[in-house]
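Line order of the protein sequences matches chains Y and C.
Just so we're aligned: 789 in the numbering used here is position 179 of the first sequence, and the numbers increase by one with no gaps anywhere.
Just so we're aligned: 342 in the numbering used here is position 240 of the second sequence, and the numbers increase by one with no gaps anywhere.
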Amino acid sequence: MKKIFTVLASAALVLAAPSCLKPEQGESGGKDAVKLTVQLNMPESEAEIDIRTIDVKIQSKTLPIAFKANPDASGKVEFNVAPDKYDIIASKYFETTRISVNGLCNEFLLTESGIVGQDGGVSKPEISIDLSVALPSPIVIREFFYHGSTTLEGGVGYQKDQYIEIYNNTGLGGRTYYLDSLCIAAIYPYNSTTQNNAWLNADTLALAQIYWMIPGTGKTYPLQPGESAVIACKAAVDHSGRATSGLHLEKAHFGCYDEILSGHEKSAGVPSLECNMVGQGTAWALSIHSPALVLFRPEMGVDAYRQDAEHWEKYEPGKSAGTKYWYIAKEWIIDGVECYDTPVGALKRLPASIDASYACMTSPHYSGKCISRRRLEMADDGGIAVYADTNNSQEDFLTDQVLAPRLKQ
Amino acid sequence: MKRYIAILAILTAALPLSAQQRLYPLEKLDWLNPYLGGGNMSALTLNCSFLGGDRAALSEAAAGMDYASGEFRNVYDPESEITGKINIESYSKIKKAYLYGRFGFSYNSARHNTWRGSAQPYRSPFMLADSIPGDVTRELYTMEAGVGVPVGRVSLGLDVAYDVAVMAKLKDLRNRNTDMTFRISPGITYNGKRFNVGLNAGYERSTEKVEYTQIADNKENYLFYLYGLWIFNNYGYSSAETSRLSRYDTFYGNLQFDLTPGRWRIYNDFGLSLCNGEQTESGYNNLRYGDTKSFTISDRLTVQHSLRHRFRASVSSTGMDGFRYLQRQELDPSSGIRRWVTYGDAHKCYNRRSLEAYAEYTYRKAVSSTDIRWEVTAGASEVTGYHTYSAYPLTFLQKITAVEPYVNFSKYFKIGQNSRLEISPRFSYVFTSECEPDEITVVDGVELSQSGDMQLSAPLMQEFNFWADRKVKAGLGAAFDWRKVVVKAGYGFTRGVESGLCRHNVSVSVGLAF
């Protein structure tokens, strides 16, 4: 009898085990969510702006998921979200007045207990964002090609054809803008995927390797409303026989060129930008992945800025040794665009007052695609196009665009 | 005789087969000592049924080659692969001590392998991989030693095993994986007249390091960070972390009993296993890609009557959870180095529940334990898997259930006094049911937007279609046994009913039993 019982017990064990197997569905079905409260603060001087129209977006930094909502009349909005690493972007563009309102909370950790502060302490899951209100810049980055193309021979990646097109966006009746002494640079870190951004949320931004300055005496290079200037970043030459981009950058308005940079080229007749090395290298290391590009003018003038190394050349925040970087104040920035391959894991380098979000390319590197600013239909009168400038690149830029630089004729 | 040799030659030369098996007579020892299928080496002392008297050892050395090719393949399988392998295995007795030893080596060359970022891609949902097909080579060395010593009515034993493998992809992006497993398990058996009880516990440590490199300049390749169910992030090679270290600690225990009432034999092995895994960067600054915890409960039952009847059933149920961490880089003031700091609890994101079971009956026409005329086995197996990935408010779910009835037949032809030929056809059909490739649910009332693809749909569907397709499987094996030499050959194919695709495999091996 005992033997029979033993056999039956064994068989029962074998047959019973599968009943333990049940799918675990909806693991995150609410229980893993944390209530996060966001309070938007409108500047007192802009009290007439209806804060309920501001779009608030919370973007995960680990997966491509975002949640959107609008605040109540007090500026408060609540989200139920999983513990994760997030950015919050608040933005609104008013087309009739061409005013943009932006706010940003950069990369914060939300745990089950609350928000992790810079000191590692945990506070309530509440975030306060001060909004900034801005008018459009007179000059903007209209098109930016950094992704690279492919060589005609060998089919390997090619990045000497990178270019920037800047544009006078003041529209009909706007003013002439003089490009003289306008500076162009990428902000450090070179790539948004770098896991070490010690400059996060800082008021001053570090320049990456080189900043270029358009030369001139002050009125040498005027740019009329609706006019563009194309700057070849590495080679102001004819690329049509080299790469799939087929660009004729020998017709660029300017070339980033200096004899000390062996990796650069320029055709005769293309004015050179003035190179200011703040790092090392034989060519401008403009990322093909995720650069953060800015146009700026030091408030004290470029010469005075250059000579004030004691004030503007510093170590990485928190360090007192190692590499020194040249910094600029964020208030000096006239326009900028933050570029990502993906928002997942990306670190923001530009403040909300410059770019509250990012332009995200989905086409592969070396695909010969660029980002291009969105043209506003309603403002396109008198033959002079006006482009979106809300300081929110998700709204302002079209990504994965065919190259169409406005070169010299 | 010539006719049989001619048949064997044809089979050896032209036909493929399944994985290399242990040669006769070692593969037949399970009938005599079912403990040998487990890891309790104290039960080696029960090997007296074939060790003793003038026989102090039973060994075999074998070398073989496998080849597989065809489009019906899982996402991690290559277009074709060839494997050469040797295996040396021995049971022996020195005075009172019963010993077991094994050494194996295999070299695998695979053509156009994709997504193979890990030597064992189902061990963890977290993996670093690339999408470019490339040829992959893998060397594997396995070693195991066991000893069992009787002490009165009790036997004590110890099992030690060490495996090491090196896998390398030969095209950018090139991953080189170094995989190591060490296992140690003491065991004890109480030996009664008609009743044996055994218990063994063990610890296993596995590590796998993967490093990616790129040789070509100016070619942009992407590395994919996979989190289970093909949820992913991808980064250009130059801006991605390119190496990882995985560690797995497994604690397990098995309880066996063996009853022999009359001509009956009832053997049962019940096991529990707990495995903790972690995946980090291979450097120093604490970046954690994910942890796993898995728990397995298993049971294996064998009921035999005389030398002719055997019923076997087995079930193994595993639950695995995957966890991700919230981390950020912070400057360590003391070292001046930025390190990853973890905040909050580990976030459970992945769950896998799987069941593998089978039940089969074998009838043998056996004159003695070594003189078998024919045997037939009929049974069915079941594989069920549920995978979920949760990213609030989304839940991704995949379900697959497959049931496979099968029948295997072997006929043994005695040729003269010293030779024997075995012909073994087999056939099975895999039914699938309740299969769902990717059910996505969203928590009610939550408005979300996606800024990109979360899942890699192509490999997700390739993997699902492979598992969820109904299949026809058939094969034919042959073994020729002359004195102490055994030559085996076999061919098998699997055909997907819905896809219409096929995969063929062939194997040959030659061994010496002594």
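Don't be surprised by glycine CBs; every beta carbon is placed ideally from N, CA and C.
query, result
"Buried or exposed, going by whether 16 or more other CB atoms sit within 10 Å of the CB of leucine 903 of chain Y?", "buried"
"Cβ of lysine 450 of chain C less than 9 Å from any chain Y Cβ?", "yes"
"Looking at the C-beta of asparagine 443 of chain C, does it have a partner C-beta in chain Y at a distance below 9 Å?", "Residue 443 of chain C is actually valine in this sequence, not asparagine. Yes, valine 443 of chain C counts as interfacial toward chain Y."
"Going along chain C in order, which residues have a C-beta closer than 7 Å to the C-beta of tyrosine 696 of chain Y?", "In chain order: nothing, as chain C lies at least about 10 Å away."
"Could you tell me whether the segment 357-367 of chain C touches the segment 290-302 of chain C, where touching means 3 or more Cβ pairs closer than 8 Å?", "yes"
"With a threshold of 9 Å between beta carbons, is alanine 381 of chain C in contact with chain Y?", "The question names alanine, yet the displayed sequence has glutamine at residue 381 of chain C. No, no contact with chain Y."
"Determine the DSSP secondary structure at leucine 138 of chain C, reduced to helix, strand or coil.", "helix"
"CB valine 954 of chain Y to CB arginine 430 of chain C, shorter than 9 Å?", "no"
"Run through chain Y and tell me which residues come within less than 8 Å of lysine 395 of chain C, C-beta to C-beta.", "By Cβ distance, chain Y contributes nothing, its closest Cβ being about 13 Å from lysine 395 of chain C, past 8 Å."
"Using a Cβ-Cβ distance under 9 Å, would threonine 972 of chain Y count as near chain C?", "yes"
"Can you check whether the C-beta of proline 435 of chain C is within less than 9 Å of a C-beta belonging to chain Y?", "yes"
"Specify the secondary structure class of glutamine 917 of chain Y as computed by DSSP and reduced to three states.", "helix"
"What does tyrosine 756 of chain Y pair with, by DSSP beta-bridge criteria?", "Bridge partners of tyrosine 756 of chain Y: none, in fact."
"On a CA-only basis, which of C/Tyr200, C/Arg255 and C/Thr352 is nearest leucine 376 of chain C? Give me that one, please.", "C/Thr352"
"Beta carbons nearer than 8 Å to chain Y: which residues of the segment 489-500 of chain C have them?", "Thr490, Ser492, Ala493, Tyr494, Pro495, Leu496, Thr497 and Leu499"
"Considering glutamate 1005 of chain Y, what are the terminal residues of the alpha helix (DSSP H) in which it resides?", "1003-1006"
"Between which two residues does the alpha helix (DSSP H) carrying tryptophan 569 of chain C extend?", "559-570"
"Does the beta-carbon of glutamine 1019 of chain Y have 16 or more other beta-carbons within 10 angstroms, so that it is buried, or is it exposed?", "exposed"
"Under DSSP, the beta strand (DSSP E) around alanine 796 of chain Y begins and ends at which residues?", "793-797"
"Figure out for me which residue from C/Ala159, C/Tyr202 and C/Asp168 has the closest Cα to the Cα of glycine 139 of chain C.", "C/Tyr202"
"Taking only beta carbons into account, state which residues of the segment 929-960 of chain Y come closer than 8 Å to chain C, listed in chain order.", "Lys929, Ala931, Gly932, Asp951, Thr952, Pro953, Val954 and Gly955"
"Tell me where the beta strand (DSSP E) around tyrosine 243 of chain C begins and ends.", "236-253"
"Whose Cβ in chain Y lies nearer than 7 Å to the Cβ of lysine 321 of chain C?", "Val766 and Gly767"
"Which of the three DSSP states, helix, strand or coil, is assigned to glutamine 876 of chain Y?", "Per the sequence shown, the amino acid found at residue 876 of chain Y is lysine instead of glutamine. Here lysine 876 of chain Y sits in strand by DSSP."
"Find out if the Cβ-Cβ distance for the pair asparagine 811 of chain Y, proline 961 of chain Y is shorter than 9 Å.", "yes"
"Can you give me the C-alpha to C-alpha distance between leucine 325 of chain C and aspartate 274 of chain C, rounded to a whole angstrom?", "11 Å"
"Entirely within the segment 802-866 of chain Y and at least 3 residues each: give me those beta strand (DSSP E) ranges in chain order.", "814-823, 838-842 and 864-866"
"Return the residue from the list Y/Gly685, Y/Ala676, Y/Ser684 and Y/Pro693 that minimises the CA-CA distance to valine 644 of chain Y.", "Y/Pro693"
"Within 10 Å of its beta-carbon, does glutamate 860 of chain Y have 16 or more other beta-carbons around it, so buried, or fewer, so exposed?", "buried"
"For serine 551 of chain C, which residues in chain Y fall below 7 Å Cβ to Cβ?", "Ala676 and Lys678"
"Which residue's Cα is closest to the Cα of proline 180 of chain C: C/Gly613, C/Ile502 and C/Thr216?", "C/Thr216"
"With DSSP collapsed to three states, give me the class of tyrosine 339 of chain C.", "helix"
"Contact criterion: CB-CB distance below 9 Å. Does lysine 924 of chain Y meet it with respect to chain C?", "no"
"From the DSSP output, in three-state form, read off threonine 892 of chain Y for me.", "coil"
"Select from the segment 824-851 of chain Y all residues with a C-beta closer than 9 Å to any C-beta belonging to chain C, and list them in chain order.", "none"
"Exposed or buried, which one is histidine 874 of chain Y when buried takes at least 16 other CB atoms within 10 Å?", "buried"
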